[in-house]
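Below is one structure, written out as structure tokens, with a few remarks after it.
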Amino acid sequence: MDERGVRIDGASEERGTPPGPTATLTGRETELARIVDVIDGDRSGPRAMLLLGEAGTGKTALLAAAAGHARGIGSLVLASRGCEAEVEQSFAALHQLLLPLLPEVDELPEHQREALKAAFGIVAATRQHDPMPLRVGVLNLLARVSRSRPVLLVADDVQHFDRDTRDVLGFVMRRLAGHDVTALLAARGHTPPDGLNPDLPVLSLAPLSRRAAARLLDAQPEPPTGRARIDLLEQAAGNPLAIIELSRAVRAGQAVPGGGLPQTLRIQEMFAAQLRALPDGTQRLILYAAASSDHEDLETIMAAAGAGPDLGVWAPAEDAGLLTVAGGRVAFRHPLVRTASYDGAPAHLRQQAHTDLAAVLDADPARRAWHLAAACPWQDESVAAALEDTAELAGRRGGFFAAARALERAAECSPGAADRARRYAKALRAAQNAGDPSWVRELYDKVTALTGDRDLLGVAACGAGIALSLSGHQRQGFQVLMSALEPDPPEDGMTVLALAAVLQAVAFQSGLPEARRPIAALLDGLEAGSRETPYSELTTAEAFEAVRAVALAGADPVNAPELLRRIRRRRGTHEPPTGIADVTRLHAVGGTAWYADESDLCVESFRQAFALLTAYGSMGNAAPSLAAMSSALIDTGRWAEAEEQLEETATLAAVQKLRHLEIDVEALRVTLRALRGQPADLPADPAWTAVGLRENRATHARLLHAAGAAAAAAGDFDGAFRHFRLLFGEDGVPLHYFLSHRSIADLAAAAQRTGRQEEGARVVAAVRAALGARPTTRMTLLLHHAAALTGEARDAEHHFRLATVNPAGEQWPLARAQARLHYAQWLRRKRRPLDARPLLATALESFTRLGARGLADEARVELRASGVAAAPAPADPLAELTAQQRQIVRLAARGLRNREIAEQLMLSPRTIGSHLYNVYPKLGVSSRHQLRDLFDDL
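In structure tokens, the structure reads:
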């Protein structure tokens, strides 16, 4: 048996994406699927598609994958690629495309045969040919060949095709209907080249999403970590080729001082020739633009270069398609153009560019400091101090990444070891707030190598501890934290509190008792003190007390309700939260509410905290609570919002390589699909082995719960019981001290279905004993529900009533509806159908509103069996919606995400999520993927 309770008899065939091209291109799966649909479609549908995108977006790779798919199904693939050197040669690209078919030309009518041979130079052109025989000849040639096997035309870099070829292709593609010929074309840019059919279906390749870009980076050999990873993803800007090439560059060389990345020979080959062909003045301006950041405008760049006001000097670069100058800004058309220009210049010219830029930025000390640092090849305290001031300003604005970069560079520029260690520790704090665990671990090693100061080591241990935890290394994180607390703890009380808070996070994720034991003693009598501290997020009394409360609640959740009452009585200011201390307080209140089972308060507090952190541009230390937020959304019936939250969390986890969080997301998605009555297979095998589950018991518990929910939804109650039972030991001791208890009603339901009530009752008794005399309201309701299903028969109705009558239970609509369903089923077995009917009707309404189709069907069957006919569904569910709701649903059905819909309708993403949450039950759907079925015109 493995951690899932599944017997392993051998390797099982993996179920997932079928073999084929859709599994080969990271981040372009959707685009490739659309292309394959064109190839596999019937003859009456579109038989051509044009791919548009900048260099490196994956056009050639998509065409190659599509060609491989076509060959795999027996198609003849004819390919041609445009070449700038042949753009003036008539029919050069057409000749390349049709070269394999030249033996078939002799089968054409004479006038068409002569036109083709003359166009290709096979015979001398004795007179000027009418273009029509050539065009019809190409069409007939393709039609003839396609009678014996499908034909795929693949035309890459069409912008470099000669105009005559484009005219012929345009003629042919307008007449493909009825022939088994498909045409796939690709061109650089965002507008179709001249000569092509303006109605040709276009697939525009946007930059990869952050999540897809991170996945592609991780697929490279030895992908970079830490700051280099974030810099690479930022510089590549979602361009697949840039990600691949810059990753290769990082493996081959050292990072350029100032945050740049090295280049490879291939990057030079792509753009060096174009750059060298430009006038010297234009090349110099491009270098200054490459050395500047996105914050510097055109006026600053030209002033630094001493170029004067004439914009004509940029024209050669614009004509070459290397950049655009508009709106007072310079924008590179491809991220590798900037890299090639900067790294292709001699070091002294790069230094001069940064020096000149710094000289014209007196009014912007932050940017000036960065350019001085980039121009500084040695250690210089004045530069280091300027960068530290810059970081202070960035930190106050919530720019954690910028602050961390500035402080790390300040440390590198610091002549003294003490200042270097202090600045590295501050950089670590900023990187911790930015939520980059790999970078934090790199900085931790630098701090510990430079100093023995207990306060600095405490600050460093905080960051390293949470970084190790997010990476799945809980025991190592615990050891690092304890090394900062023993034998002598830091003098700063806020550093001790921060260490205790991180210990709580490690304790929760690990589920290990030894990680919880020191917390209460550390916080006993702890005072904030008045010393200067690096913890700006703890500088208010409300934030200090809230963080103290969540640490104690995590150490012993039994105390969470009382701790929550205390911090809620300490109201503080009524002003809207804005500062980092306010965010910290909200986040800590949400965490304490999570432990206290006050799910609505948990959701609201986390929602506010996450919104503010998103505005800062980083989730920072909130990352460990993202899974808790998603769980609370599911528990409180906010499933549409939970789906959106899980998508955002998955992106963050992929970008930052937070492996256990990725697995948590997968487990919660499986749980959500199971509750909706959708196919929900067990979490895939890698999820069970990617992190050590023995030291990541929270993740293990979520996986087991997901597997149990999936089995129950599939009607496999033996499997469901097996998985839920593994949440507890033989003696009822929980696998995870908090999460296991919340599955007790699910375990009891599976036990009742499989005749294992006695075994279930023993676990219920153990949970009741562990929670003490005053469990939370939620746990009280769950225990009554579980006792009704597994306890003494004479006490069943007593427990069912207590599980269903408390109004506070409406906070957890799914659990309340399940308790009502089980109570009604018990009443029916007792031949009391009249008593069962109102419970079943209410449960059915709740399941329908939530979108829990499987449970709704079960309640509907029970209701009919009790003598009540189910109400018919409305003829047109869209008719019940408001005009705005219909608009939102239509956009969601087209595949737009909440953020994209919000931008179109000038609403907030949360408002969009709320609307979708409210309309799903009315439409009888449980996810946005089902919305498309409601429309006939999409």
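In the working numbering, the protein residues as written are -4 to 933. Ideal placement from N, C-alpha and C gives every residue a C-beta, glycine not left out. Here the structure is a predicted model, which means the values were calculated and not measured.
Per DSSP, Met774 has no beta-bridge partner at all. Counting only runs of at least 4 residues, the stretch 256 to 331 fully encloses the following alpha helix (DSSP H) elements, listed from N- to C-terminal order: 260 to 271, 275 to 286, 293 to 300 and 310 to 314. Of the candidates Trp434, Val863 and Leu451, Leu451 places its Cα closest to the Cα of Arg418. Judged by DSSP secondary structure, Val146 falls within the beta strand (DSSP E) whose first and last residues are Val146 to Asp151.
Here DSSP, grouped into helix, strand and coil, assigns Pro235 to helix.
Between the alpha carbons of Gly862 and Gly467 lies a distance of about 54 angstroms. Only residues of its own chain outside the window of five on either side were considered, and among them Ala715 have a CB closer than 6 angstroms to the CB of Ala707, listed in chain order.
Residue pairing by DSSP places Thr684 in no beta bridge whatsoever.
In the three-state scheme derived from DSSP, where H, G and I count as helix and E and B as strand, Val176 is classed as strand.
Secondary structure of Arg757 (DSSP, three-state): helix. Leaving aside the five residues that flank Thr587 on each side, the residues in its chain whose CB is nearer than 8 angstroms to its CB run, in chain order, Ala541, Ala544, Val545, Ala548, Ala555, Leu558, Leu559 and Ile562. The three-state reading of DSSP puts Ala214 in coil, since its state is none of H, G, I, E or B.
Between the alpha carbons of Glu638 and Glu853 lies a gap of roughly 24 angstroms. Note that the stretch 131 to 140 does not touch the stretch 49 to 62; fewer than 3 beta-carbon pairs, one per stretch, sit closer than 8 angstroms. Within the DSSP secondary-structure output, Gly48 pairs in a beta bridge with Arg183.
For Val197, the enclosing beta strand (DSSP E) starts and ends at Val197 to Ser199. The shortest CA-to-CA distance from Phe166 to any of Leu191, Val501 and Ala342 is the one to Leu191. In this structure, Thr694 sits away from Ile739, with a CB-CB distance that is not shorter than 8 angstroms. Shown here, Leu103 sits in coil according to DSSP, grouped into three states, outside any helix or strand. Taken through DSSP and simplified to helix, strand or coil, Ser861 comes out as coil. Using a Cβ distance threshold of 8 angstroms, Ala285 and Ser336 count as a contacting pair. A distance of 8 angstroms or more separates the beta carbons of Ala312 and Leu352.
Arg271 sits exposed, since fewer than 16 C-beta atoms from the chains shown fall within 10 Å of its C-beta. When DSSP reads this structure, Val72 sits in a beta bridge with Leu147. The beta carbon of Ser594 sits closer than 8 angstroms to the beta carbons of Ala588, Ala627, Asp630, Thr631, Arg773, Gln806 and Trp807 from its chain, once the five residues preceding and following it are set aside; these are given in chain order. The beta-carbon separation of Leu621 and Leu656, rounded to 7 angstroms, stays under the 8 angstroms limit for a contact. In the DSSP assignment, Leu816 falls within the alpha helix (DSSP H) that extends over Pro808 to Arg824. Pro729 is bridged by DSSP to Phe723. Residues of the same chain with a CB within less than 6 angstroms of the CB of Ala412, apart from the 5 flanking positions on each side, are Leu445 in chain order. A direct Cα-to-Cα measurement between His736 and Ala744 gives close to 14 angstroms.
Separation of the CB atoms of Ala201 and Thr21 is rounded to 15 angstroms, and the pair is thereby denied contact status at 8 angstroms. In this structure, DSSP gives Ala43 an extended state, which the three-state scheme calls strand.
The C-alpha of Ala178 is placed about 8 angstroms away from the C-alpha of Ala150. Fewer than three beta-carbon pairs drawn from the stretch 124 to 135 and the stretch 25 to 39 are found closer than 8 angstroms, and the two stretches are therefore not classed as touching. When the five nearest sequence neighbours on each side are left out, the beta carbons in the same chain lying within less than 7 angstroms of the beta carbon of Ala756 are those of Thr785 and Gly786, in order along the chain.
Pairwise C-beta distances place the stretch 232 to 239 in contact with the stretch 48 to 55, as three or more of them are shorter than 8 angstroms.
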